[in-house]
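Q: Structure below; questions to follow.
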Amino acid sequence: METAIALDRATKRFGELTAVDALSLEIGRGATVALLGANGAGKSTTVAMLMGLLQPDAGRVTVAGRAPRQAVVEGRIAAMLQDSGLMPGVTAAELVGLARRMYPAPLRVEEALELAGLREQARRRVERMSGGQVQRLKFALVAVAGADTMLLDEPTRALDVQGRREFWAAMRNCAAAGRTIVFATHYLDEVEENAERVVVLARGRIAADGTPARIREAGGRAVVRFRVPAHETLPTLPGEVVREHGWATVRSTAPDDVVRRLVGSGADWSDLRVSPPSLDESFLALTGSTHPAHEEAQVR
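Quick note on my numbering: the sequence shown kicks off at 796 and runs consecutively.
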């Protein structure tokens, strides 16, 4: 598979703080990859290096085999960065048309608006658009570049549920067209629903890398829950066991072993359910951090 993005022991420091620490990562063309991590994990710094906005202090960063700045000039990569503003007083189509002029091989304005799900809002002025429409317009400004690779840094921050749903529907249009999409987020549900690969960052390094299912298994514990008759004594079970109100809950990395021991005990357990590890719990275990959305709320 052709490589879209490559970081080879890339390191970025700010004074005594090492934001990205000898990070090595390859992303193939056409992949949809989530960068997941709490504040300070190195997500935004990594995105900035991929766009050529920051230079690594050590190591190497390439996009489509080129230096990031060259890739930007050639229109091979485009980004939707945090807190970027939009010019008021113009329509969505006019703004996308202005952006289109900056790229060597752009999409047509109509194509970009279609990808962003904004065809019906083409003549609407920016200041009259909803929050979700504004975010999708920002996405259209990225899409119009015609770039093979798109970087989205916290693209749905401050959007409500409907706005987030509309935005990701637009993003999936581009993914279906074969573009490489890398997005940094602290919303775990967005990772589950949209990423085929997840790279978990912690303190500037990769803590885990794989499909969402593998990330859950790597650090999380399954939950085994069942009814316990009042007179029954629980056998020794691997994991954290909580018994209350006639139910027992076992959090364990070995759920199959838990079930085998329960069945082997011969006791009258009922309503037994096994839930797979959650991405939330796995994230906490892998990074030693709080849920990223919770940390975001605390910092802000």
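C-beta atoms are modelled at their ideal positions from N, C-alpha and C, and glycine is treated no differently.
Given a threshold of 16 other Cβ atoms within 10 Å of its Cβ, counted over all protein chains shown, does Leu1074 qualify as buried or as exposed?
A: Translated into the one-based positions of the sequence shown, residue 1074 becomes position 279. Answer is buried; the Cβ neighbour count reaches 16.
Q: Let me confirm a value: Pro883 is counted as buried when at least 16 other C-beta atoms fall within 10 Å, else exposed. Which label applies?
A: Position 88 of the sequence shown holds residue 883. Flag for Pro883 reads exposed.
Q: Based on the DSSP output, what are the partners of Trp1042 in its beta bridges?
A: Walking along the sequence shown from the start, residue 1042 turns up at place 247. Answer is Arg1022 and Glu1039.
Q: Report buried or exposed for Thr951, applying the criterion of at least 16 other Cβ atoms within 10 angstroms of its Cβ.
A: Walking along the sequence shown from the start, residue 951 turns up at place 156. With 16 or more Cβ atoms within 10 Å of its Cβ, Thr951 is classed as buried.
Q: Using a Cβ-Cβ cut-off of 8 Å (strictly less than) and excluding sequence neighbours within five positions of Ala997, which residues of its own chain qualify?
A: Locating residue 997 in the sequence shown gives position 202, where the first residue counts as 1. Taken in chain order, the residues that qualify are Gly832, Ala833, Ala836, Leu1081, Thr1082, Gly1083 and Ser1084.
Q: Take Trp1064 and list the residues in its own chain whose beta-carbon comes closer than 6 Å to its own, dropping the five residues that flank it on each side.
A: Against the sequence shown, residue 1064 aligns to sequence position 269. For Trp1064, where only same-chain residues beyond five positions count, the Cβ hits under 6 Å are Phe1021 and Leu1057.
Q: Leaving out five residues before and five after Asp1004 in sequence, what residues of the same chain have Cβ atoms less than 6 Å from its Cβ?
A: The residue you call residue 1004 lines up with position 209 of the sequence shown. Same-chain partners within the cutoff: Val994.
Q: How about Gly854 and Gly973: do their beta carbons lie closer than 8 Å?
A: Mapped onto the sequence shown, residue 854 falls at position 59. Mapped onto the sequence shown, residue 973 falls at position 178. Their beta carbons are not under 8 Å apart, which means Gly854 does not touch Gly973 by this criterion.
Q: Excluding the 5 residues flanking Ala1049 on each side, which residues of the same chain have their C-beta closer than 8 Å to its C-beta?
A: Numbered from 1 along the sequence shown, position 254 holds the residue referred to as residue 1049. Excluding sequence neighbours, Ala1049 sits near Pro1033 and Gly1034.
Q: Could you compute how far the alpha carbon of Leu1079 sits from the alpha carbon of Ala817?
A: Here residue 1079 corresponds to residue number 284 of the sequence shown, with the count starting at 1. Here residue 817 corresponds to residue number 22 of the sequence shown, with the count starting at 1. Straight-line Cα distance between these residues: approximately 22 Å.
Q: What residue ranges within the segment 907-966 form continuous beta strand (DSSP E) runs of no fewer than 3 residues, ordered along the chain?
A: Those beta strand (DSSP E) runs which fall completely within the segment 907-966 and span 3+ residues are 944-948.
Q: What residue range is occupied by the uninterrupted beta strand (DSSP E) comprising Ala853?
A: Here residue 853 corresponds to residue number 58 of the sequence shown, with the count starting at 1. Segment Ala853 to Val858, the beta strand (DSSP E) holding Ala853.
Q: Pull up the DSSP beta-bridge partners for Ile822, would you.
A: Position 27 of the sequence shown, counting from 1, holds the residue named residue 822. Answer is Ile800, bridged to Ile822.
Q: Please classify Pro1072: is it buried, with 16 or more other beta-carbons within 10 angstroms of its beta-carbon, or exposed?
A: The sequence position of residue 1072 within the sequence shown is 277, counting from 1. Classification for Pro1072: buried.
Q: Between which two residues does the beta strand (DSSP E) carrying Ala979 extend?
A: The sequence position of residue 979 within the sequence shown is 184, counting from 1. Unbroken beta strand (DSSP E) run through Ala979: Thr975 to Thr980.
Q: If you draw a straight line from the alpha carbon of Pro1007 to that of Ala1013, how long is it in whole angstroms?
A: The sequence position of residue 1007 within the sequence shown is 212, counting from 1. The sequence position of residue 1013 within the sequence shown is 218, counting from 1. Rounded to whole angstroms, Pro1007 to Ala1013 spans 10 Å at the Cα level.
Q: Would you kindly report the start and end of the unbroken beta strand (DSSP E) that includes Thr841?
A: The residue you call residue 841 lines up with position 46 of the sequence shown. No beta strand (DSSP E) holds Thr841; the alpha helix (DSSP H) holding it covers Lys838 to Leu845.
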